[in-house]
Amino acid sequence: MSTLRNKVQLIGNIGNDPKVAVLESGSKTVRFAMATNEYYKNAQGEKVQSTQWHNVVAWDKRAEVIEQYAHKGKEIAIEGKLVSRSYTNDMDVKVYVTEIVATEILLLGGKESQEAESTPEKGKGQKTVSKSKNPKTAKTA
């Protein structure tokens with residue numbers, strides 16, 4: 001039951017081109033916004049779309065995969081955990097941020113994203129990267 005604590009799974013679309021940073025330690029990080037859509041019918045019977053936005057962070061091998069293969073509009077599935085933090089901005093205002101730190105990613109989509117890339121396929125145009133128990137090794141399928 002302990003594995004169910006602080007676990008997030010989302011399928012959605014990347015809302016902006018991912019922003020990549022390389023830290024002094026050599027670690028790579030990527031940040032992007034992700035949109036998830038939900039559909040329902042209102043009281044008048046009309047179909048309504050509700051969009052939620054999520055801030056996502058990926059590190060190291062997952063960051064490299066996102067940097068190389070993902071772009072604005074790309075459909076993606078992620079699994080990770082929620083992390084909240086705060087900082088003081090340039091105007092001396094405390095800012096609170098909640099992000100999803102991705103521990104596993106699955107690039108979704110069909111041939112459109114695969115035509116210009118020569119990547120190994122898993123299923124139909126899918127690539128999975130997950131975090132292993134040892135942080136220095138991540139498996140890619």
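Position 31 (the sequence shown) corresponds to 31 in the UniProt record's numbering; numbering is contiguous.
Don't be surprised by glycine CBs; every beta carbon is placed ideally from N, CA and C.
Of the listed residues Val56, Tyr39, His54, Ser25, nearest to Val48 (C-alpha basis): Tyr39
Local conformation of Leu23 per DSSP, three classes: coil
Candidates Tyr69, Val65, Lys74, of which the one nearest Thr103 by Cα: Val65
When Tyr96, Gln68, Asp92 are compared against Ser84, the one with the closest alpha-carbon: Tyr96
Identity of the residue in Gly45, Lys19, Asp90, Lys74 nearest Ala63 by Cα: Lys19
Nearest neighbour of Gly26, chosen from Ser50, Trp59, Ile14 [CA to CA]: Trp59
Cβ neighbour criterion (16 or more within 10 Å) applied to Gly73: exposed
Cβ pair Gly12, Ala43 closer than 8 Å: no
Under the three-state DSSP convention, the category Arg85 falls into: strand
Cβ neighbours of Gly15 in the same chain (closer than 8 Å, five flanking residues each side left out): Phe32, Ala33, Met34, Ala35, Trp53, Lys72
Delimiting residues of the alpha helix (DSSP H) encompassing Lys61: 60-69
C-beta atoms of Ile78 and Val56 nearer than 8 Å: yes
Reduced DSSP category for Leu4 - H, G, I as helix; E, B as strand; rest coil: helix
Terminal residues of the beta strand (DSSP E) in which Glu104 lies: 94-107
Sequence-distant residues of its chain with Cβ nearer than 7 Å to Leu82 (five each side left out): Asn6, Val8, Thr98, Ile100
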